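Chemist: One structure follows; several queries about it will come next.
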Amino acid sequence: QQQQQQQPARQGGGYGGQQAAPQAKEIGDVSQITVSGCNHGVVGPIVCGNYTLTTLNHGKPAYKKEQQQGRPDVMLYFWDERDGAASSGWWLSPKIGSEVVWGFHPNRAAQTPPTTGWKVPYDGGVDPNFLITPQRGGGGGRQQPVGAGAPSQSGGGIRLNGAAEAKQQEMMRQQEQRRQADENNKKRLEEQRKKQEEQRKQAEEAAKKQKEEQAKRLEQMRKQQEQMREERRAVAAIRAVFQKLRTAKADDFESLEAEMHIILDKELENCGGQKTAIKEESTKCLEQAKTRVAALQEQKKKMEEKRAEEEKKKKEAQEVAEKLLGELEELVAAAESSAEALKQAAEKFKAKEKFKKVEEVATAAKDVTAKEADAQETTKAAQEFVTTNRAALTVSLKTIVPAKKPDDKAKEEGAEEKKKPTLPLLQQRLTMARAEVNKTMVTVNTEKAKKEKRIAAQAQIDQGLAAFKKYDKDKDGALSKKEIEQYAKGECGFTLPSESLDLIFEVLVKPGAKGVNNKDIQRLKVMVGVARERERDQKRNEDRLAHEKEVAEAKAALVEKVKELSTSIDSSDEALKKAEELVKTLPPKAKATEVLEHVAKVDEALKAAKDLVATTTEKTTALNSNDSPEHRPYVRGELRRLQKRTGAFEARISKTTSWLKKARSDAKKRAAEELDQLRQKALKAIWAMQQAEKLKTEALLKEFGIEEEGEGSVSQEAFLGFFSRCEERRKEASDDDKEKLPESPDAEELKRLYTHLCEDGAEELAADVFQRFSRRYMKVLKDAVITQDLDIKGKMVRRLEIKEVVEVLEGPVKEDTVGVERVSAKAMSDGATGWITICGNQGARYLVEGGGVFKVVKETILTGSFELDAPKDVTRKLHDTTRKLQPDELVEVHEWPKLEEASGLTRMKCRAKSDGVVGWVTTVGNGGTTFLEVA
1 QQQQQQQPAR QGGGYGGQQA APQAKEIGDV SQITVSGCNH GVVGPIVCGN YTLTTLNHGK
61 PAYKKEQQQG RPDVMLYFWD ERDGAASSGW WLSPKIGSEV VWGFHPNRAA QTPPTTGWKV
121 PYDGGVDPNF LITPQRGGGG GRQQPVGAGA PSQSGGGIRL NGAAEAKQQE MMRQQEQRRQ
181 ADENNKKRLE EQRKKQEEQR KQAEEAAKKQ KEEQAKRLEQ MRKQQEQMRE ERRAVAAIRA
241 VFQKLRTAKA DDFESLEAEM HIILDKELEN CGGQKTAIKE ESTKCLEQAK TRVAALQEQK
301 KKMEEKRAEE EKKKKEAQEV AEKLLGELEE LVAAAESSAE ALKQAAEKFK AKEKFKKVEE
361 VATAAKDVTA KEADAQETTK AAQEFVTTNR AALTVSLKTI VPAKKPDDKA KEEGAEEKKK
421 PTLPLLQQRL TMARAEVNKT MVTVNTEKAK KEKRIAAQAQ IDQGLAAFKK YDKDKDGALS
481 KKEIEQYAKG ECGFTLPSES LDLIFEVLVK PGAKGVNNKD IQRLKVMVGV ARERERDQKR
541 NEDRLAHEKE VAEAKAALVE KVKELSTSID SSDEALKKAE ELVKTLPPKA KATEVLEHVA
601 KVDEALKAAK DLVATTTEKT TALNSNDSPE HRPYVRGELR RLQKRTGAFE ARISKTTSWL
661 KKARSDAKKR AAEELDQLRQ KALKAIWAMQ QAEKLKTEAL LKEFGIEEEG EGSVSQEAFL
721 GFFSRCEERR KEASDDDKEK LPESPDAEEL KRLYTHLCED GAEELAADVF QRFSRRYMKV
781 LKDAVITQDL DIKGKMVRRL EIKEVVEVLE GPVKEDTVGV ERVSAKAMSD GATGWITICG
841 NQGARYLVEG GGVFKVVKET ILTGSFELDA PKDVTRKLHD TTRKLQPDEL VEVHEWPKLE
901 EASGLTRMKC RAKSDGVVGW VTTVGNGGTT FLEVA
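Quick note: the sequence shown, position 843, residue 843 per UniProt numbering, numbers continuous.
So, in structure tokens, the structure goes:
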């Protein structure tokens, strides 16, 4: 048995045999090794110690560290490339394939563990002091642990126990299988070579045969192509005749039909496979041609019948037109006769001269007026006849020659044929008659006006002579100065000045005459009128000067108003500039309260500017209301000049107003961000204090004055007091502990946060609101498990899904065996509690802060109650019964999702972060649609 165990060792097969020359930097074929030299504070104590060969992994030896009290198990093993080249190499971890590792060596070629070059910890650099050596007193060959049978020496070799011997035999069997596989492979390759040679010869013969067949096919194709060309030529020749036959007319149909039969007799046999089709096509083509020729003949017959019918209608229309032209000629002749009668009457009226009254002229013109009415009536009748019968008259515009009687031919032989007038000629005659009427009436009216003017002038002279006689009191045939004064007063209503009277006598009265005689009465009237107009002109001049004075005074007042308006514009501009300058002075990183204070200042300045602008507008309107024509150009010019300065006021006000709106909105967002930062800062302080003091939830609530969960309230004093204690503990802590205790917000920030947390304007912070605020949520980032105990090897409660949210109940607490931090938490989906690892020792993150905020992924509504059909009065401080939630909007969880039995919806109570509205929302529909998810 000892010889059987040593034989594979000499052959070098298996991990149980001796190796004469182990590879460089490998531990070699030993069963017990020692790991030493690791100086890492955490990993060194875990991995250093004695190891024993226990099994094989991926074909290479695996060692287990001897158990030590309070220390985790350690395995040293090899992992192949099944998970990728980066994961292949030698590992140190609690168990084979564990996610927790302490050391790593990337040498995949080593058959046994490398002695140096290890990375400890695995993600650090190479530790030069880390060393693996054979265990002292452990023997050179591999052995099994004592529990599997103690080794013994016999004949200078190493005696292996039953398990090791079985492994050796298995390895020898595998080597034999590999040898047989190599021989089989050689045979297979030789057979494959012979088969390939045979296939090559067959391929050459096939290629030769294929070449001969290809030559035959090419010759056959050449003949076929030649035959096809001949067929195409014959078919083309026949179809060319078919095409001519298809377009044949009645006069050439027979010749084309004969040509088709000739070409068919000549070329049909050359059509090859198309012979039958060409023959059928010829029959069809001939039938179509016959049908077409018959249709053309029928069409020609119909056209001739239509032409005859049109000729008949044209002849009838010609006869009607001839008759109508005769009637029109009679009407035109009547119009010409009326125009001539009017002309004669006008000549008689013009010849009469002795008229004394206008009425006599009108009486004499009545005959002309009557003749004009008759002429207008006849020309109108002729024109209406043309309009009514225009369509019939225009059928033939040519001169109509009347038919001659047989017995009249001899009489008219050699004489010129009498032509009847055409429509254009008759229209021309009618137009000339109408023009003659109009011309005559113009002459009559002119003559009438002359006669009437002549009579009026004579009447005026007679009127002047009558006035002369009226004021010539002494009947001496001359008007004295006194009589002229009476004339001016009586006829013109004007008192003649003495200088004007002297001028009249100087101009009109000859030396030695008594006064103005009757021949100069018209000149006297003119000079009196001139004197009267001179006096009126003087009065107008005085009125003008008075008006100009009033205008000048009014303009001075307007100039003052323009100055006031300009000053008001300056004030408005300065006020707007003040508001605009205030806008620029806002610090870019100001706090929300500072922004709101600054906004109030800008708003106040803008309001003052608006008031000034309104006053300016009122003054502008008042100035623009001046409708005086003398001042209007000045006012318009000044307004144009001033409005250039005021034109931008509204835009500037609008710009500043928009800035105020945006600033308020930004301040609101900034306030929300600041409050959120305050919340996080305060929560970190609370959680750090809770961890440092190892306070559970009940104890933490008591720190804030809450004796029973959900009952009572947190006073501002208790709220501030807790953070004061946090600061005291932080000051007393050592430098290392101080890093674990974050700085708390200052008193003013805490008061602001306290006021914000008090919902619905409450004076104190309700206990349930504080509990909701102080809860610590974390969400699952990678697949993780929740266990019953702090120990990482504790019993698993269940697996956690990615994005699942848990509430931290205690911790983080460091787990001693592997040095990772774990928290006691409750899963919000089903209430499962246990311990969860936050981050693995390889850096893998399983939990991250957050989970209390959800993001809307599909539009939904926020209602006032858990039940969708609940009455409206169950809502509490909700602005409307429903409110729409838009995608990407964020909400804070107040009550976690639960199933609403009636509708099958999963619903959650939450608070919208944008406007603070609280209500119930559907997170998952009854059809599986997701409306909200963890942000």
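Glycine included, C-beta positions come from ideal geometry on N, C-alpha and C. Here the structure is a predicted model, which is why all the values come from computation and not from measurement.
Short check: CB of Asp123 to CB of His40, under 9 Å?
Modeler: no
Chemist: Hey, quick one: how far does the beta strand (DSSP E) through Trp920 stretch, first residue to last?
Modeler: Val918 to Val924
Chemist: Are there three or more Cβ pairs, one per stretch, closer than 8 Å when the stretch 359 to 370 is compared with the stretch 439 to 459?
Modeler: yes
Chemist: Please state the DSSP three-state secondary structure of His105.
Modeler: strand
Chemist: Can you pull the DSSP bridge partners for Gln32?
Modeler: In the DSSP output, where bridge partners are listed per residue, Gln32 has Thr52.
Chemist: Is it buried or exposed, Thr399, if we count other Cβ atoms within 10 angstroms and call 16 or more buried?
Modeler: Caution applies to Thr399, whose pLDDT of 43 falls short of 50 and renders its modelled position unreliable; the model cannot decide the point.
Chemist: Determine, for Asp520, whether the minimum Cβ-Cβ distance to residues of chain D falls below 9 Å.
Modeler: Structure shown: chain D not included; a single protein chain is present.
Chemist: Skipping 5 residues on each side, what residues in its chain have a beta carbon closer than 8 Å to that of Lys268?
Modeler: Going by the sequence as given, residue 268 is Leu instead of Lys. Excluding residues within five positions, the ones whose Cβ falls inside 8 Å are Ala234, Ile238, Lys275, Ile278 and Lys279.
Chemist: Taking the beta strand (DSSP E) that residue 938 belongs to, which residues open and close that run?
Modeler: The shown model of the chain, from 1 to 935, leaves out residue 938, and the question about it has no answer.
Chemist: With the cut-off set at 9 Å, would you say Leu501 and Glu485 are in Cβ contact?
Modeler: yes
Chemist: Quick check on Pro121: buried or exposed, where buried means 16 or more other Cβ atoms within 10 Å of its Cβ?
Modeler: buried
Chemist: In whole angstroms, what is the alpha-carbon distance linking Ser152 and Val101?
Modeler: Residue placement at Ser152 is poorly supported in this model, since its pLDDT is 35, which falls under 50; the coordinates still yield a value, given next. Going by the C-alpha atoms only, they are around 36 Å apart.
Chemist: Taking 9 Å as the cut-off, decide whether the C-beta atoms of Val30 and Thr112 are in contact.
Modeler: yes
Chemist: Rounded to the nearest angstrom, what separates Arg883 and Phe773 at their Cα positions?
Modeler: One Cα belongs to Arg883, the other to Phe773, and the distance between them is close to 24 Å.
Chemist: Terminal residues of the continuous beta strand (DSSP E) containing Arg883?
Modeler: Thr882 to Leu885
Chemist: Does Glu26 come out as helix, strand or coil in the three-state DSSP assignment?
Modeler: strand
Chemist: Looking at Ser829 and Val808, is the spacing between their C-beta atoms short of 9 Å?
Modeler: no
Chemist: Quick check: the Cα distance between Arg222 and Arg200, rounded to an integer number of angstroms?
Modeler: So the alpha carbons of these two residues sit roughly 33 Å apart.
Chemist: Considering only the alpha carbon of each residue, which of Lys352, Leu479 and Leu430 lies closest to Lys380?
Modeler: Leu430
Chemist: Would you call the stretch 291 to 301 and the stretch 247 to 254 touching, i.e. three or more CB-CB distances under 8 Å?
Modeler: yes
Chemist: When you compare the stretch 537 to 547 with the stretch 496 to 513, are there three or more beta-carbon pairs, one atom per stretch, that lie closer than 8 Å?
Modeler: no
Chemist: Looking only at C-alpha atoms, which of Glu219, Met75 and Val893 sits nearest to Tyr63?
Modeler: Met75
Chemist: Mind reading off the beta-carbon distance from Asp791 to Glu815? Whole number of angstroms is fine, and I expect it under 8 Å.
Modeler: 7 Å
Chemist: Look up Leu822 in the DSSP assignment and say whether it is helix, strand or coil.
Modeler: Reading off the sequence shown, one finds Arg at residue 822, where the question assumed Leu. Note: Arg822 maps to strand in three-state DSSP.
Chemist: Val551 and Glu638 - do their beta-carbons sit closer together than 9 Å?
Modeler: At a Cβ-Cβ threshold of 9 Å, Glu638 and Val551 do not count as neighbours.
Chemist: With the cut-off set at 9 Å, would you say Glu749 and Cys758 are in Cβ contact?
Modeler: no
Chemist: Could you work out which residue in Ala86, Glu81, Gln174 and Val47 is closest to Arg71 when comparing CA atoms only?
Modeler: Nearest option by C-alpha distance: Val47.
Chemist: Taking DSSP's pairing of strands, which residues face Glu650 in a bridge?
Modeler: Looking at the DSSP assignment, Glu650 forms no beta bridge with any residue, so it has no partner.
Chemist: Quick check: what's the CA-CA separation for Gln643 versus Asn624?
Modeler: 11 Å
Chemist: Is the number of C-beta pairs between the stretch 464 to 484 and the stretch 509 to 522 that are closer than 8 Å three or more?
Modeler: yes
Chemist: To the nearest angstrom, how far is it from the Cα of Thr547 to the Cα of Val635?
Modeler: Checking the sequence, you will find His at residue 547 rather than Thr. Taking the straight line joining both Cα atoms gives about 19 Å.
Chemist: Throw me the rounded Cβ distance for the Leu932 and Lys913 pair, which I believe falls under 8 Å.
Modeler: The C-beta separation of Leu932 from Lys913 comes to about 13 Å, leaving the pair out of contact by the 8 Å criterion.
Chemist: Would Asp573 be called buried (16 or more neighbouring beta carbons within 10 Å of its own) or exposed?
Modeler: buried
Chemist: Three or more C-beta pairs under 8 Å: does that hold for the stretch 592 to 612 against the stretch 659 to 670?
Modeler: yes
Chemist: Cutting at 7 Å between CB atoms, please list the residues of its own chain near Cys285, excluding the five before and the five after it.
Modeler: Phe242, Leu245 and Arg246
Chemist: What would DSSP say about Phe854, mapped onto helix, strand or coil?
Modeler: strand
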